[in-house]
Each structure stands twice: as C-alpha cells, then as structure tokens.
Amino acid sequence: MKKPKRPPPPLCRKLVKLDVVSSTNDVARQLAEAGWPEGTVVVAAEQTAGRGRFGRRWESPRGGLWFSVLLRPALGPEDISRLPIVAGLAVARALRSSFGLEIELKWPNDVLIEGKKICGILVETSFTGSKLDFVILGIGINANFEPHELSEPISSCSTTLRAELGHDVDLEALLFSVLRELSACYDALLSGRGEELLREAEELMGFPRMARVLSGGRELVGLAIGLADDGSLLVKSEDGRVEKVAWWEATVIELGS
Ligand code: BTN
Numbered sequence: 017m018k019k020p021k022r023p024p025p026p027l028c029r030k031l032v033k034l035d036v037v038s039s040t041n042d043v044a045r046q047l048a049e050a051g052w053p054e055g056t057v058v059v060a061a062e063q064t065a066g067r068g069r070f071g072r073r074w075e076s077p078r079g080g081l082w083f084s085v086l087l088r089p090a091l092g093p094e095d096i097s098r099l100p101i102v103a104g105l106a107v108a109r110a111l112r113s114s115f116g117l118e119i120e121l122k123w124p125n126d127v128l129i130e131g132k133k134i135c136g137i138l139v140e141t142s143f144t145g146s147k148l149d150f151v152i153l154g155i156g157i158n159a160n161f162e163p164h165e166l167s168e169p170i171s172s173c174s175t176t177l178r179a180e181l182g183h184d185v186d187l188e189a190l191l192f193s194v195l196r197e198l199s200a201c202y203d204a205l206l207s208g209r210g211e212e213l214l215r216e217a218e219e220l221m222g223f224p225r226m227a228r229v230l231s232g233g234r235e236l237v238g239l240a241i242g243l244a245d246d247g248s249l250l251v252k253s254e255d256g257r258v259e260k261v262a263w264w265e266a267t268v269i270e271l272g273s
C-alpha cells in the first residue's frame with residue numbers, strides 16, 4: 017500500500033532547490049528582498065562561498081544538507097534574540113528523532129556529537145531603522161561525506177552523519193524533519209512558550225561548565241551557568257560577578273566539563 021504523503025511543514029511554503037550556489041543565505045536574502053513569503057526555503061547541493069559566523073568560511077561539499085529559511089517574525093525583541101538557540105534545538109530534536117543520536121548543543125547554536133561539530137547555524141537579519149524586515153536562518157548539516165573531506169583544522173573537530181551512522185541518509189527526509197521541528201519550535205515562540213524552549217536547550221548545553229568566551233575583543237573566563245531569558249550566556253567569573261554575553265558578539269573558544 018502507498019504511504020499517505022505528509023503535508024509539508026508550515027515553514028516550508030516555497031521550496032527552492034538548487035545545485036551549486038555561492039551561499040543559500042545569499043539566495044534567500046535576494047528572495048526576501050523581492051518579497052517572497054515567510055517559509056521560503058532555499059536548499060543547495062553545494063555552496064562555493066558558504067559562510068559561517070563572524071565571516072568565517074563554511075566548507076560545503078556535495079553530500080551535505082545546506083539550506084536557509086526565510087522568516088518574517090512578528091516577535092518581540094526578546095523572542096527574536098532566542099531564535100538562534102531555538103534553531104539549534106530544532107536541529108538537535110530532528111537528529112535525535114530521525115537517527116537516535118545523542119546530541120549536545122554548544123552555545124549559541126553549534127550542534128555536536130561527542131564534542132565534534134555536525135551542524136552550524138548562521139542567523140542573519142535585515143532591519144529598516146529599528147523595524148525587523150526579515151531573518152534568514154542558514155543551517156548546514158554535515159551529512160553524506162567523510163570528515164576528512166574538510167580541510168584542517170576543521171576536519172578534526174567535525175563529524176558527519178556518515179561517520180556516525182556508517183551509512184548515508186536521505187537528505188530530503190532530513191530537511192523535512194528539521195523543518196517540522198523548526199515549525200513546532202517557531203510556533204511555540206509565537207505562542208509565548210519561548211522559555212520552555214530555552215530550558216530544553218540548556219539541558220543539552222550541559223551547564224555548569226567552564227568557558228572561555230571572546231566577546232567584542234575581550235576575553236572572559238568563567239563558569240557558564242545557564243541562559244538568560246533572551247538566550248544570552250550567563251558567565252560567572254572568579255570574583256562571583258555574573259556577566260551576560262550576547263550571541264551576536266561572542267564566540268566560545270572552550271567549554272570544559
Ligand atoms: C557556523 O557554524 O559558523 C555557521 C555555519 C552556517 C552554515 C550554513 S550552510 C547553509 C547556510 N549558507 C551559508 O552560507 N551558511 C549557512
């Protein structure tokens with residue numbers, strides 16, 4: 017008997033499938049500027065200029081799942097700043113439910129398996145004055161290739177689904193699984209349940225743990241103790257002061273256990 021087709025997730029109103037692009041975030045931005053709706057998804061087989069956080073290069077060989085989702089969120093500033101954490105949580109949920117993998121999150125939104133990165137997320141925004149026009153969530157999952165296909169030093173701190181599972185996965189099924197989880201999380205944010213999501217993400221971040229954080233050219237060493245209501249990292253320094261570190265200005269160099 018033919019399996020009944022599942023309806024597409026709400027955050028997949030328009031699906032644009034491409035072969036080789038510079039960056040799916042760039043294509044999604046062009047579509048956003050041309051007025052495409054929330055839930056436009058751009059997926060590519062390969063990126064020639066994939067971007068990571070802080071302008072770093074993101075290697076995107078064939079076999080990975082590289083995609084961007086356009087959002088036009090009617091959210092307050094606190095929920096908007098929760099979006100990067102929530103996106104990481106959605107990927108973690110999808111990898112767990114699709115493959116039974118044990119997933120960790122590294123603040124703000126790296127997705128790891130046994131300390132190695134399997135997914136990175138780049139959140140880009142566009143404002144007119146103080147009004148948010150749109151958000152692009154760019155998600156890259158290392159899937160059907162070997163970690164050694166990435167260059168050093170990235171390759172030794174990354175893993176792939178093929179390396180973890182011993183086989184390749186169906187990229188389209190994975191895309192839909194992530195988009196379903198993302199839709200559920202987004203819906204929870206819109207209906208005022210953002211705090212629950214932060215608490216779930218915190219669980220996967222394994223606090224408290226030692227952290228070395230670079231924030232606005234400053235290095236901060238201390239005990240990462242959890243997340244503030246807007247998704248900032250709370251770091252307690254030796255003198256007992258607790259500092260809030262915002263995701264858009266900080267990168268975590270080390271997270272001890
Ligand atoms: C990071 O960990 O620094 C973020 C990596 C984000 C990579 C994804 S792949 C799809 C989308 N297009 C890009 O150019 N970047 C994001």
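This note's numbering puts the first residue of the sequence shown at 17, with every later residue one more than the last.
Positions of the beta carbon are idealized from the N, C-alpha and C atoms, including for glycine.
Values in this document were obtained by computation on a predicted structure and should not be read as measured data.
Check, Outcome
"Run of the alpha helix (DSSP H) containing Ala204, from where it starts to where it stops", "Leu187 to Leu206"
"Distance cut-off 7 Å: Gly156 Cβ against heavy atoms of the ligand BTN", "yes"
"Three-state class that DSSP yields for Arg109 in the structure shown", "helix"
"DSSP-derived helix/strand/coil call for Leu91", "coil"
"Ile157 - DSSP class collapsed to helix/strand/coil", "strand"
"Glu168 versus Asn160 - alpha carbon distance", "19 Å"
"Proximity test, Ile101 beta-carbon vs the ligand BTN heavy atom, cut-off 7 Å", "no"
"Segments of 4+ residues assigned as alpha helix (DSSP H) that fall wholly inside the stretch 36–69", "40–49"
"Span of the beta strand (DSSP E), counted from its first residue to its last, around Arg234", "Arg234 to Leu243"
"Where the beta strand (DSSP E) containing Glu270 begins and where it ends", "Ala266 to Leu271"
"Supposed close pair Gly156, Gly136 - CB separation, criterion 8 Å", "5 Å"
"Rounded separation between Val229 and Ala266 - CA only", "7 Å"
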